[in-house]
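Chemist: Numbering (our numbering), first residue to last: 139 to 430.
We put the CB at the ideal spot given by N, CA and C, even for glycine.
All values derive from a computational prediction rather than experimental measurement.
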Amino acid sequence: MMYQKPMLKEGSLKDQVIVVTGGGSGLGKAMSTYFLELGAHVVITSRNFEKLERAKIELEQKTGGKVLPVQCDVRNYAEVEAVLAATLKEFGKVDGLLNNAAGNFISPTERLSANAFDTVIDIVLKGSKNCTLAFGKHWIDYKQPKSTILNIVTTYAWTGSAYVVPSATAKAGVLAMTRSLAVEWAKYGIRTNAIAPGPFPTEGAWDRLLPGDLKDKFDMKNKVPVGRVGEHQELANLAAYLMSDFSAYINGEVITIDGGEWLKGAGEFNMLEDVPKEMWDMLEAMIRSKKK
Ligand code: HXC
Ligand code: NAP
139 MMYQKPMLKE GSLKDQVIVV TGGGSGLGKA MSTYFLELGA HVVITSRNFE KLERAKIELE
199 QKTGGKVLPV QCDVRNYAEV EAVLAATLKE FGKVDGLLNN AAGNFISPTE RLSANAFDTV
259 IDIVLKGSKN CTLAFGKHWI DYKQPKSTIL NIVTTYAWTG SAYVVPSATA KAGVLAMTRS
319 LAVEWAKYGI RTNAIAPGPF PTEGAWDRLL PGDLKDKFDM KNKVPVGRVG EHQELANLAA
379 YLMSDFSAYI NGEVITIDGG EWLKGAGEFN MLEDVPKEMW DMLEAMIRSK KK
């Protein structure tokens with residue numbers, strides 16, 4: 139299948155330096171892999187340094203590229219500034235920021251503590267803001283001619299979705315930030331875009347959004363008009379295109395890659411209406427048991 143294959147010309151990201159938050163696992167790792175294959179140097183960040191070190195070895199062996207792992211909780215602005223400093227020390231410049239790190243889990247909203255709600259908002263919205271602000275200030279101060287911010291949102295950034303309300307609230311904020319800065323920062327050569335993926339299986343997402351039997355009860359491909367879930371390479375193809383100069387005239391856009399899913403049934407998790415109330419204790423325990 140063509141969509142499982144790399145799409146861009148060899149060297150399309152040659153010598154670009156790209157920071158990928160949450161780059162050590164899941165979709166962040168898949169996009170990092172392709173950036174490296176296209177000639178970029180990639181900085182991967184997350185809270186778990188051992189995971190990042192394992193990913194560095196794996197990605198460098200697979201692609202022959204250069205990976206810098208930097209531990210960083212995106213909720214902490216000082217740690218984000220330290221990523222920028224480490225990137226500049228290692229590579230002398232930075233060209234792209236991929237705001238991919240996220241936190242999320244399913245829950246009826248009334249079951250959430252204030253801190254649970256804040257935790258997701260802080261990772262997704264505040265984390266994306268922290269990275270965007272730190273890197274944007276750098277690019278403006280240093281008068282870098284061109285740079286790119288790419289934000290990973292979801293289709294429920296505009297539809298909203300029951301049972302993932304903190305995530306929907308935060309992703310909507312990230313989308314608003316994308317469109318706002320696309321206008322405000324274009325004069326500094328900064329392009330800002332977003333991708334809204336539909337379901338792309340990853341351990342991080344599936345363990346928290348479809349724990350236990352929910353994976354079988356709600357087969358995500360049944361929600362998708364094209365009849366399948368996404369392949370990591372097809373997302374990586376889109377992300378690499380938006381990071382590259384080939385997309386130089388695309389600014390302030392959100393590109394949906396979901397096989398038509400949101401149009402079929404807007405609201406990703408509205409189907410959880412079918413989960414009996416008494417099952418939620420068990421589901422929550424399963425999710426919590428997956429915490430590494
Ligand atoms: C209710 C919960 C809970 C649950 C945690 N909490 N899990 N409340 N139900 N299942 C509460 C805790 O009790 C605590 O509140 C607060 O949330 C913070 O929890 P911690 O475990 O201390 O937080 P932390 O260690 O920072 O972990 C963050 C996390 C965790 C979001 C809770 O799941 C995580 O690390 N996630 C990162 C990866 C991830 O989520 N990937 C999926 C992205 S998928 P109290 O009040 O007790 O202190 C995605 C896809 C969208 O975004 C679209 C799909 C199609
Ligand atoms: P994932 O593997 O769980 O990725 C989330 C990443 O974020 C992890 O690498 C995690 O690493 C990192 N992270 C979480 N909290 C962090 C924090 N406070 N500071 C720094 N890093 C943090 O899930 P995924 O499916 O690949 O998701 C990637 C992105 O795609 C997310 O933005 C998600 O919302 C979006 N998305 C996914 C899907 C899907 O179907 N998979 C659909 C739509 C959108 P650590 O735990 O090591 O910190």
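Where DSSP assigns a beta bridge to I259, which residues make up the other side?
Modeler: Within the sequence shown, numbered from 1, the residue matching residue 259 stands at position 121. According to DSSP, which records beta bridges pairwise, I259 is partnered with nothing at all.
Chemist: Please say whether A324 and V312 have beta carbons closer to each other than 8 Å?
Modeler: Position 174 of the sequence shown, counted from the first residue, corresponds to residue 312. Position 186 of the sequence shown, counted from the first residue, corresponds to residue 324. Cβ distance not < 8 Å, so V312 and A324 don't count as in contact.
Chemist: Please work out which residues of its chain come closer than 8 Å, Cβ to Cβ, to N331, disregarding the five sequence neighbours upstream and downstream, and give them in chain order.
Modeler: As a first step, residue 331 must be located in the sequence shown, where it is residue number 193. Around N331: T286, I287, L288, N289, T316, A320, L380, S385, I388, N389, G390, E391, V392 and I393.
Chemist: The alpha helix (DSSP H) with T307 in it runs from where to where?
Modeler: Here residue 307 is taken as the residue at index 169 of the sequence shown, counted from 1. That run of the alpha helix (DSSP H) goes V303 to E322.
Chemist: I need the straight-line Cα distance from R426 to E188, nearest angstrom please.
Modeler: Counting from one through the sequence shown, the residue named residue 426 turns up at place 288. Counting from one through the sequence shown, the residue named residue 188 turns up at place 50. Taking the straight line from one Cα to the other gives about 21 Å.
Chemist: Give me the Cβ distance between I395 and G336, rounded to the nearest whole Å; I'm assuming they're in contact under 8 Å.
Modeler: In the sequence shown, the residue the question calls residue 395 occupies position 257. In the sequence shown, the residue the question calls residue 336 occupies position 198. About 7 Å; that satisfies the 8 Å criterion.
Chemist: Suppose you measure from the CA of K361 to the CA of L401; what does that come to, to the nearest Å?
Modeler: Within the sequence shown, numbered from 1, the residue matching residue 361 stands at position 223. Within the sequence shown, numbered from 1, the residue matching residue 401 stands at position 263. Answer to the nearest angstrom: the Cα atoms are 10 Å apart.
Chemist: Can you list, in chain order, the residues of its chain with a C-beta nearer than 8 Å to that of G90? Leave out the 5 residues immediately preceding and following it.
Modeler: Residue 90 lies beyond the residue range present for the chain, which begins at 139 and ends at 430; the question has no answer from this structure.
Chemist: Can you check whether the CB of V181 is closer than 8 Å to the CB of V221?
Modeler: Mapped onto the sequence shown, residue 221 falls at position 83. Mapped onto the sequence shown, residue 181 falls at position 43. Contact: yes.
Chemist: Give me, in chain order, the residues of the same chain whose beta-carbon lies closer than 6 Å to that of Q371; leave out the 5 immediate sequence neighbours on both sides.
Modeler: Here residue 371 corresponds to residue number 233 of the sequence shown, with the count starting at 1. Same-chain partners within the cutoff: Q142.
Chemist: Can you tell me which of F356, A178, G162 and M139 puts its alpha carbon nearest to the alpha carbon of D383?
Modeler: Taking the sequence shown and counting its residues from 1, one reaches residue 383 at position 245. Measuring from the Cα of D383, the nearest candidate turns out to be A178.
Chemist: Where does L250 fall in DSSP's three states?
Modeler: What you label residue 250 is simply residue 112 of the sequence shown in a count that begins at 1. DSSP places L250 in coil when its eight states are reduced to three.
Chemist: Is Q282 helix, strand or coil when you go by DSSP?
Modeler: Position 144 of the sequence shown, counted from the first residue, corresponds to residue 282. Q282: coil per DSSP, three-state reduction.
Chemist: Return yes when the Cβ of K430 is within less than 8 Å of the Cβ of D345, no when it is not.
Modeler: On the sequence shown, position 207 is the one that residue 345 refers to. On the sequence shown, position 292 is the one that residue 430 refers to. Taking 8 Å as the cut-off, the beta carbon of D345 is found no closer than this to the beta carbon of K430.
Chemist: Are there 16 or more other CB atoms within 10 angstroms of the CB of M140, so buried, or fewer, so exposed?
Modeler: Counted from its first residue, the sequence shown places residue 140 at position 2. It counts as exposed.
Chemist: Whole angstroms is fine: what's the gap from N253's alpha carbon to N242's?
Modeler: Working through the sequence shown from its first residue, we reach residue 253 at position 115. Working through the sequence shown from its first residue, we reach residue 242 at position 104. N253 and N242 have their C-alpha atoms spaced approximately 13 Å apart.
Chemist: On a CA-only basis, which of T247, G265 and N375 is nearest F407? Give me that one, please.
Modeler: For the purposes of this step, residue 407 is identified with residue 269 of the sequence shown, where counting begins at 1. Closest option to F407, Cα to Cα, is T247.
Chemist: Taking one C-beta from the stretch 191-203 and one from the stretch 228-235 each time, how about it: are there three or more such pairs within less than 8 Å?
Modeler: no
Chemist: Helix or strand or just coil, what does DSSP make of T225?
Modeler: Position 87 of the sequence shown, counting from 1, holds the residue named residue 225. In the structure shown, the three-state DSSP call for T225 is helix.
Chemist: What's the gap between the Cα of V212 and the Cα of G403?
Modeler: For the purposes of this step, residue 212 is taken as the residue at position 74 of the sequence shown. For the purposes of this step, residue 403 is taken as the residue at position 265 of the sequence shown. For V212 and G403, the distance between alpha carbons rounds to 32 Å.
Chemist: For P349, tell me which candidate among S305, V413 and T307 has the shortest Cα-Cα distance.
Modeler: The residue you call residue 349 lines up with position 211 of the sequence shown. Ranking S305, V413 and T307 by Cα distance to P349 puts V413 first.
Chemist: Going by the C-beta, is A343 closer than 7 Å to any heavy atom of the ligand NAP?
Modeler: Along the sequence shown, one-based indexing puts residue 343 at 205. A343 Cβ: within cutoff of the ligand NAP.
Chemist: Thinking A374 and Y172 are a contact (beta carbons under 8 Å), I'd like their distance in whole angstroms, please.
Modeler: Start at 1 with the first residue of the sequence shown, and residue 374 comes out as number 236. Start at 1 with the first residue of the sequence shown, and residue 172 comes out as number 34. At roughly 4 Å, the Cβ-Cβ gap stays under 8 Å, so A374 and Y172 are in contact.
Chemist: What does DSSP give as the partner residues of T394 in its beta bridges?
Modeler: Taking the sequence shown and counting its residues from 1, the one referred to as residue 394 is at position 256. BP columns for T394 point to A334.
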